[in-house]
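Using the numbering used here, the first residue of the sequence shown is number 40, and each one after it goes up by one. The beta carbon of each residue, even a glycine, is placed where N, CA and C say it ideally should be. Source: prediction; values computed, not measured. First comes the structure, then the notes that go with it.
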Amino acid sequence: MTAGAVAWGVLVGGTVAGTARAAAVDRAAAPTPVTRGTHLSRTAPVRLAPGVTYSGFRLALPRGTVRGHLLTVDLSHAEVSVDLLHPTAAAARAPVSELAGDEEAVAAVNGDFFNISEAQHPGVAVTGSSVGPEISSGRALKGAVPDGQRFGPPLPPGARTEDVLGIGYDHRARLDRLALRGTVHSAAGSWPLRGLNQYALPQGGIGAYTARWGGVSRERAVCGTDTDRGAGCDPATAEVTVRHGRVVKTARRPGAGTIAPGTVVLVGREGGARRLRALHLGERVRISHRLVGRSPGRLRCAVGGFPVLRDGHPVAGLDTTAVTMRTSAGIAHHGRTLLLMALDGEKGQHQTGLTVRELAGLMARLGARDATDLDGGGSSTFVTEDRYGEVRVRNHPTDGKERPVANALGVFSLR
Numbered sequence: 040m041t042a043g044a045v046a047w048g049v050l051v052g053g054t055v056a057g058t059a060r061a062a063a064v065d066r067a068a069a070p071t072p073v074t075r076g077t078h079l080s081r082t083a084p085v086r087l088a089p090g091v092t093y094s095g096f097r098l099a100l101p102r103g104t105v106r107g108h109l110l111t112v113d114l115s116h117a118e119v120s121v122d123l124l125h126p127t128a129a130a131a132r133a134p135v136s137e138l139a140g141d142e143e144a145v146a147a148v149n150g151d152f153f154n155i156s157e158a159q160h161p162g163v164a165v166t167g168s169s170v171g172p173e174i175s176s177g178r179a180l181k182g183a184v185p186d187g188q189r190f191g192p193p194l195p196p197g198a199r200t201e202d203v204l205g206i207g208y209d210h211r212a213r214l215d216r217l218a219l220r221g222t223v224h225s226a227a228g229s230w231p232l233r234g235l236n237q238y239a240l241p242q243g244g245i246g247a248y249t250a251r252w253g254g255v256s257r258e259r260a261v262c263g264t265d266t267d268r269g270a271g272c273d274p275a276t277a278e279v280t281v282r283h284g285r286v287v288k289t290a291r292r293p294g295a296g297t298i299a300p301g302t303v304v305l306v307g308r309e310g311g312a313r314r315l316r317a318l319h320l321g322e323r324v325r326i327s328h329r330l331v332g333r334s335p336g337r338l339r340c341a342v343g344g345f346p347v348l349r350d351g352h353p354v355a356g357l358d359t360t361a362v363t364m365r366t367s368a369g370i371a372h373h374g375r376t377l378l379l380m381a382l383d384g385e386k387g388q389h390q391t392g393l394t395v396r397e398l399a400g401l402m403a404r405l406g407a408r409d410a411t412d413l414d415g416g417g418s419s420t421f422v423t424e425d426r427y428g429e430v431r432v433r434n435h436p437t438d439g440k441e442r443p444v445a446n447a448l449g450v451f452s453l454r
């Protein structure tokens, strides 16, 4: 390890890493070529908690230096768990440090992309809701918006908004794809449910909104199309409120306000709206929904993000142009190890970010066999507990302060 790498490692890790603990694991990867003209160096890993270690790294590129933070999580350790951190509502945001502190996580990184702006729909409330599916503590919280409605960099060929990184009850991480399967049953017939607590519904679909959604207006759900996020808001809509299995309210437009436990609000557009308008006050309605993965085994948690690395190879068609700060989650050792990485957005010092294609290469060099791209730019946030149990932000967010985000991946371990 170079003297510069050691000095930087102490700077970013000093409040967590004691000298004695650092000496106990006094080893680091020597500078390793990533591609022609690039070199990677890492600081000595430091134990934060049983099964959880931290290290910093530098990647020297011809255009500048990339600095980042890496958490290595041993999922097979009996005292380690990972879960999705989220605000009290799907349509809400909070800083990663707040999410981690509230749940007493040892460490956390920001998660999925989210509905961050509505410049193309003046007057429509920004929901802050995530793009992809969410599972937390085994509970399905929301489904994925249509591919054309997502926020974030272009998806590579074959990727979907349903793509997730998940942790199963078998204590293994995996890349998966979660599809919503649900039905609205009434005396008039059964119709497919096409959305669950989503900021955007597919054309012609019906979506369900539960107490988990929050109080933000549901109008955004009927704006845009399956291929154009900026398309106008659909005038052919309907909303039906079902409480304890019976219709208690009908409306022509999506509403706002908190949803009480035991109540489900159904929102429909185009064909879905016509079906909802056939329901009458007092009518019995039964709503079912679940998220179904492609791989066997139930997931304890899942966060949206598209794959960038599979079986040690970058996914085809990754963007090679846009350079920004990145956050990623990688999988190693047949799912038994989770790698959480976020770049450092400190200004100056010839510092640079990465393209998505470069991110895939970096995660491979850090030891991942599979990896996913999480939200980046001003959202990239990496937090850990310090020696006093206080959560602190380790990286420098590009906005100069933490950006509230839709969710985060939190790591838990007994100290």
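Pick from the options that is closest to residue i, judged by C-alpha positions
i    : options                   : result
A473 : G415, L348, G343 and R308 : Residue coverage of the chain in this structure runs from 40 to 454, which leaves residue 473 outside it and unanswerable.
T437 : R308, L382, L453 and R313 : L382
G28  : P89, A368, E397 and A277  : Only positions 40 to 454 of the chain appear in the structure, and residue 28 is not among them; the question remains open.
R257 : D267, V279 and N149       : V279
H108 : K440, E201, G311 and F421 : F421
R339 : P274, I155, L204 and T366 : L204
G311 : P89, R233, D412 and D186  : R233
V281 : R308, T297 and I326       : I326
R349 : A399, T264 and A183       : A399
N236 : L305, Y208, D209 and G284 : L305
L114 : P231, R442 and L378       : L378
N9   : S419, N434, A317 and V430 : Because the chain spans 40 through 454 in this model, residue 9 falls outside it and cannot be assessed.
C-alpha gap between residue i and residue j, whole angstroms
i    : j    : result
L98  : R106 : 6 Å
L315 : G254 : 22 Å
V170 : K181 : 9 Å
T394 : T363 : 7 Å
L79  : A128 : 40 Å
G271 : F190 : 17 Å
T41  : R216 : For T41, the predicted structure reports a pLDDT of 32, less than 50, and the residue's modelled location is therefore unreliable. A value from the coordinates is still provided. About 42 Å.
P300 : V261 : 24 Å
R104 : L401 : According to the sequence displayed, residue 104 carries Thr and not Arg. Rounded to whole angstroms, T104 to L401 spans 13 Å at the Cα level.
R259 : G269 : 11 Å
N446 : A131 : 9 Å
V91  : T111 : 6 Å
A227 : I245 : 15 Å
V342 : S334 : 15 Å
H160 : P274 : 13 Å
R60  : R454 : Bear in mind that the predicted position of R60 carries a pLDDT of just 31, short of 50, making it unreliable; the figure below should be weighed with that in mind. Cα to Cα, the separation comes out at about 14 Å.
F517 : V287 : Beyond the ends of the chain as shown, which are 40 and 454, falls residue 517; an answer cannot be given.
H372 : P89  : 18 Å
G449 : A239 : 26 Å
A177 : G387 : Contrary to the premise, residue 177 reads as Gly rather than Ala in this sequence. Taking the straight line from one Cα to the other gives about 43 Å.
V223 : T276 : 17 Å
V145 : T359 : 34 Å
I174 : T166 : 19 Å
Y208 : I370 : 16 Å
A250 : P126 : 13 Å
A68  : T82  : Legend: pLDDT at A68 = 32, less than 50; position of this residue unreliable, value from coordinates given subsequently. Going by the C-alpha atoms only, they are around 7 Å apart.
R75  : A218 : With a pLDDT of only 48 at R75, under the threshold of 50, the placement of this residue in the model should not be trusted, and no figure is reported.
Whole-angstrom C-beta distance between residue j and residue i, which should lie under 8 Å
i    : j    : result
P101 : S94  : In fact, because the Cβ distance is near 24 Å, the residues do not count as touching under 8 Å.
R213 : G374 : 6 Å
S367 : L413 : 6 Å
D461 : G336 : Since the displayed the chain opens at 40 and closes at 454, residue 461 lies outside it and no answer follows.
R323 : S229 : Contact flag wrong, Cβ pair sits at about 13 Å.
N-terminal and C-terminal residue of the alpha helix (DSSP H) that residue i is part of
i    : result
S419 : It is not in any alpha helix (DSSP H) - S419 carries neither H nor E in the DSSP assignment.
R316 : G310 to R316
L401 : V395 to R404
G140 : V135 to E142
Bounding residues of the beta strand (DSSP E) (the contiguous stretch that carries residue i)
i    : result
G369 : T366 to A371
A381 : T376 to L382
S229 : G228 to P231
G103 : G103 to D113
G246 : I245 to Y248
V203 : D202 to G207
L240 : Where L240 is concerned, there is no enclosing beta strand (DSSP E), given that its DSSP letter is neither H nor E.
Y93  : V91 to L100
Proximity test, residue i beta-carbon vs the ligand HEM heavy atom, cut-off 8 Å
i    : result
P196 : Among the ligands in the structure shown, none appear at all, so the ligand HEM cannot be discussed.
* Asked: Per the contact definition of three or more C-beta pairs closer than 8 Å, is the segment 420-434 in contact with the segment 135-144?
  -> Here the segment 135-144 makes contact with the segment 420-434; the two share three or more CB pairs at distances below 8 Å.
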